[in-house]
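One line per chain: the protein sequences are A and B, in this order. Residue numbers 1 to 406, in my numbering, belong to the letters of the first sequence in order. Residue numbers 1 to 304, in my numbering, belong to the letters of the second sequence in order. C-beta: ideal position from N, C-alpha, C; glycine also. Step one of this worksheet: look at the structure below.
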Amino acid sequence: MMRKRALVGLAAVALLATGLSKTVPAADDVTIGFAIALSGWMNAYDGPPLNGSKMAIDEFNAQGGILGKQIKAVIADTKTDVVEGAKAGAEVIAKGAQFVAVSCDYDMGAPAATVANDNKIIAISYCASDAKMGVQGIGPYVFSLEIFGQGEGAVGAAYAWKRGWKKAYAILDASIEYDKSVCDGFLEYFTKLGGEIIGADTFMQEDASIASQITRYKDAAASKGEPEVLILCSYIPGAASAIRQIRAAGINVPIIGGDSMDGDYWVQSVPGLNEHYAVTFGSKWGDDPRTEVNDFFKRYREKHGEPESSFPLNGYSMVQAIKIAAERAGSLETEAVLAELNKFTAEPLLWGATTFTPETHIDLVHPMTVVQIQNGKGSFADQITVSDPPNLKLIFPEFRADLYKK
Amino acid sequence: MTNLLQVAIDALALGSIYALTALGIGLIFGVMRLINFAHGDFIMIGGYALIVPSWAATATLFIGTWPAPLLVAAVSLVVVLLALASERLAFRPVRSAAPSVLLITSFALSYFLENAVIMVYGGRAKAVNLWPGLMEPILLAGVRIPKLQILTIAVTLVLLVFLVVFLKRTPIGVAMRAASEDFRMARLLGVRANRVIAVAFAVSGVLAAVVSLLLVAQTGVLSFHMGVPLVLFAFVATVVGGMGSLAGAVLGGFAVGIVSVIFQVILPIDWRPNRDVWVYGMILLVLLLRPTGLVKVKSIEERA
Numbered sequence: 001m002m003r004k005r006a007l008v009g010l011a012a013v014a015l016l017a018t019g020l021s022k023t024v025p026a027a028d029d030v031t032i033g034f035a036i037a038l039s040g041w042m043n044a045y046d047g048p049p050l051n052g053s054k055m056a057i058d059e060f061n062a063q064g065g066i067l068g069k070q071i072k073a074v075i076a077d078t079k080t081d082v083v084e085g086a087k088a089g090a091e092v093i094a095k096g097a098q099f100v101a102v103s104c105d106y107d108m109g110a111p112a113a114t115v116a117n118d119n120k121i122i123a124i125s126y127c128a129s130d131a132k133m134g135v136q137g138i139g140p141y142v143f144s145l146e147i148f149g150q151g152e153g154a155v156g157a158a159y160a161w162k163r164g165w166k167k168a169y170a171i172l173d174a175s176i177e178y179d180k181s182v183c184d185g186f187l188e189y190f191t192k193l194g195g196e197i198i199g200a201d202t203f204m205q206e207d208a209s210i211a212s213q214i215t216r217y218k219d220a221a222a223s224k225g226e227p228e229v230l231i232l233c234s235y236i237p238g239a240a241s242a243i244r245q246i247r248a249a250g251i252n253v254p255i256i257g258g259d260s261m262d263g264d265y266w267v268q269s270v271p272g273l274n275e276h277y278a279v280t281f282g283s284k285w286g287d288d289p290r291t292e293v294n295d296f297f298k299r300y301r302e303k304h305g306e307p308e309s310s311f312p313l314n315g316y317s318m319v320q321a322i323k324i325a326a327e328r329a330g331s332l333e334t335e336a337v338l339a340e341l342n343k344f345t346a347e348p349l350l351w352g353a354t355t356f357t358p359e360t361h362i363d364l365v366h367p368m369t370v371v372q373i374q375n376g377k378g379s380f381a382d383q384i385t386v387s388d389p390p391n392l393k394l395i396f397p398e399f400r401a402d403l404y405k406k
Numbered sequence: 001m002t003n004l005l006q007v008a009i010d011a012l013a014l015g016s017i018y019a020l021t022a023l024g025i026g027l028i029f030g031v032m033r034l035i036n037f038a039h040g041d042f043i044m045i046g047g048y049a050l051i052v053p054s055w056a057a058t059a060t061l062f063i064g065t066w067p068a069p070l071l072v073a074a075v076s077l078v079v080v081l082l083a084l085a086s087e088r089l090a091f092r093p094v095r096s097a098a099p100s101v102l103l104i105t106s107f108a109l110s111y112f113l114e115n116a117v118i119m120v121y122g123g124r125a126k127a128v129n130l131w132p133g134l135m136e137p138i139l140l141a142g143v144r145i146p147k148l149q150i151l152t153i154a155v156t157l158v159l160l161v162f163l164v165v166f167l168k169r170t171p172i173g174v175a176m177r178a179a180s181e182d183f184r185m186a187r188l189l190g191v192r193a194n195r196v197i198a199v200a201f202a203v204s205g206v207l208a209a210v211v212s213l214l215l216v217a218q219t220g221v222l223s224f225h226m227g228v229p230l231v232l233f234a235f236v237a238t239v240v241g242g243m244g245s246l247a248g249a250v251l252g253g254f255a256v257g258i259v260s261v262i263f264q265v266i267l268p269i270d271w272r273p274n275r276d277v278w279v280y281g282m283i284l285l286v287l288l289l290r291p292t293g294l295v296k297v298k299s300i301e302e303r304a
């Protein structure tokens, strides 16, 4: 997930960060700061991974912690606000955080990540899919446990191609950058594979109706033949309402979306939904091919109830990444841990094999899971790794190709 | 040709939703010169009234499972009570203050209601399946039209007729019109201010409840923010139509809905994400040519 519009927040961050005093961490434990949304709309996306992180902390502490030291969590609420986000980052650092977890979204996570980076403290975003949450954007101390947005789209294209769907129609919710990245990645990779895009359209997240988009789709289907797959790049709630209207209009083609469409908490919007696919981190329904993922969700259910999506995997992986890197470095010192994180090559974290380099702090090639909704029920569909990801230039929007001119 | 009919119905259905919302705002503006931005949150609360209050990720319908007449009555009752309470507790104490104070009060109320909903229901949007049968299309002159679109247009027309009869033929309706012409004069002639304003809030509550049901049946989702974009469009519609004129609010609502669908249809794909720039550009043009809006209102002009 990712939103645009963070300048105000970043300005506030700059002010705060300069005034911040360095604190010496207590020697007897490892402190991880969580500058994430405990309230506001972002909590819906941050809450589940935070539960995952807490589980990791409890489990690792029972096994002896990190380098023999117990892990301590300090938490501050960003209140889903960029200025509060910077304050939350400063607060956890003042309380001795040696590592910081930030929101599952570029705009919402950037302020706290910037404060951490300015203090030379490692910050890991749960799932911001913008490469700016890293070296090229905020700085060298910032990571994201996510495949970049275009990569998510490319996996969707690879899945469609594997299923033999060769004609696609794209509907883009143009209200946030994340959606554009997913659609860009899908269209680029789908055409590269030999697929045909017979039409594309846009809507906005909060549109009360997408009736005219449906009318246009039907015109395209009538003149160029029914598409075999529909790529819908959007997020809940707008996406659920779009799918409700699309299905009600008698359009039953398979629909593919990104991780923002993971889970089944939204399917009540679309009675008896069929043929819906989401590219995400894993299946929460107990049928993932990885037993460690199924075991994790079993433990999760016992502690926190039904997970909304597979996002808790990333929360767990965040603490796991710190533990692995610190133990390899044999030290909790930032530069040493950073060097080890930068060496991650297909590192088997819970959410999947993760690769970082000194230049890329977001995964470019990641085994992604495709989950499906059939008859209103969710299940595992496939696991796909796109090893030749889309043109890296696509990561930054200013290089975006004219993919929609069809 | 069939395409044209389809586009026309798409436009009228969206216009209807905007017109009903604009009317709710217009009624209150008429009697107390208050632009009630919390009207969108009245719509939102109407939607949330359908489900059992809880933080759970999946919503459980409660009022939403009742038979339609009972459901409409119950949701209307909830929103009307909310509107009346807002009037009594938030707006009446500042009634004689400057319009800017009234406006800020409505923003405060709006934030209060949204955050109250986040507190009780959580920030995550909720999926609900209200009246799925309405989403089924019927065949009309070779075009598949969702029943809901027809219902939306029909309900809007019926409500408009009711409202006209109410304003012209009932004593309280006449008093409301008098109050919106000249509030002080109306009071001097024996119109009871509290009663007229309360009735206006109640009627705007009913309109908000109807909009929330039509909207939720269409989108299938509840979110604490769902009323905000509607109220922005509706506010613009009242300005385009002519502030203070109810006919203007309706006309403006339809105009904004229709223009928005037309731009969605005619703009090339590169420009479509910026559709609203064109919609608002068009609105600016209308206001440049007719600064008082499409329908001129005497009482507003004199005050200016």
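Just the Cα atoms here: how many angstroms apart are Y189/A and A158/A? 7 Å
If contact means a Cβ-Cβ distance below 7 Å, which residues of the segment 229–259 of chain B contact chain A? P229 and L230
At which residue ranges does the segment 174–262 of chain A contain complete alpha helix (DSSP H) runs of 4 or more residues, listed in the order of the chain? 177–193, 211–224 and 238–248
H225/B - DSSP class collapsed to helix/strand/coil: coil
Which first and last residues belong to the alpha helix (DSSP H) in which G89/A is found? V82 to A94
Over what stretch of residues does the alpha helix (DSSP H) that includes Y48/B continue unbroken? H39 to Y48
DSSP three-state assignment for T170/B, whether helix, strand or coil: coil
How big is the Cα-Cα spacing for M44/B and A179/B? 29 Å
Tell whether a beta-carbon distance below 9 Å holds between T156/B and A19/B. yes
For G15/B, the nearest candidate out of F91/B, S76/B, A154/B and W131/B (CA to CA): A154/B
Considering Cα atoms alone, identify which of N194/B, V117/B and G30/B is closest to A249/B. G30/B
What is the rounded straight-line gap between the Cα of D207/A and the Cα of V277/B? 14 Å
Residues of its chain near L338/A, where Cβ-Cβ distance is below 7 Å and the 5 sequence neighbours each way are ignored: I122 and Y141
Going by Cα to Cα distance, which pick from A88/A, G139/A, F281/A and Q136/A is closest to I147/A? F281/A
Within its chain, find whatever has a CB closer than 8 Å to the CB of G378/A; leave out the 5 residues flanking it on each side and keep chain order. G263, D264, V267, S283, K284, W285, V371 and Q372
Does DSSP put A73/B in a helix, a strand or coil? helix
Less than 9 Å between CB atoms is the rule here; does S223/B satisfy it with respect to chain A? yes
Per DSSP, what kind of secondary structure is S125/A in: helix, strand or coil? strand
Where E302/B sits in the DSSP three-state scheme: The pLDDT assigned to E302/B is 47, lower than 50, so where the model puts this residue is not dependable; a value taken from the coordinates is nonetheless given after this. Reduced to three states, the DSSP call for E302/B is helix.
Tell me whether the beta-carbon of Y235/A lies closer than 9 Å to the beta-carbon of I176/A. yes
Euclidean distance between Cα positions of G305/A and G47/A: 13 Å
When the distance is taken between beta carbons, is A110/A closer than 9 Å to I138/A? yes
Where A353/A sits in the DSSP three-state scheme: strand
Considering I138/A, what are the terminal residues of the beta strand (DSSP E) in which it resides? Where I138/A is concerned, there is no enclosing beta strand (DSSP E), given that its DSSP letter is neither H nor E.
Taking Cβ-Cβ distances shorter than 9 Å, what residues in chain A pair up with D10/B? S209, A211, S212, I214 and T215
Report the rounded CA-to-CA distance for V293/A versus C104/A, giving the unit in angstroms. 20 Å
Along the chain, where does the beta strand (DSSP E) containing H276/A start, and where does it finish? H276 to T280
Minimum C-alpha distance to L273/A - residue among R247/A, S260/A and G89/A: R247/A
Please name the residue in A237/B, L167/B, F62/B and L34/B whose C-alpha comes closest to that of S260/B. A237/B
Stretch-stretch touch, CB-based, cutoff 8 Å, three pairs: the segment 34–42 of chain B with the segment 82–99 of chain B: yes
Suppose the cutoff is 6 Å on Cβ atoms and the five residues either side in sequence are ignored; what does the same chain contact list for H276/A look like? I255 and I373
Just to confirm before moving on: does the CB-CB distance between L187/A and I197/A stay below 9 Å? yes
Apply the 10 Å Cβ neighbour rule to K303/A and answer buried if 16 or more other Cβ atoms are within range, or exposed otherwise. exposed
With a threshold of 16 other CB atoms inside 10 Å of the CB of A108/B, please say whether the residue is buried or exposed. exposed
Give a yes or no on whether the C-beta atoms belonging to L12/B and I258/B are separated by under 9 Å. yes
Chain A residues whose Cβ lies nearer than 8 Å to that of V261/B: A211 and S212
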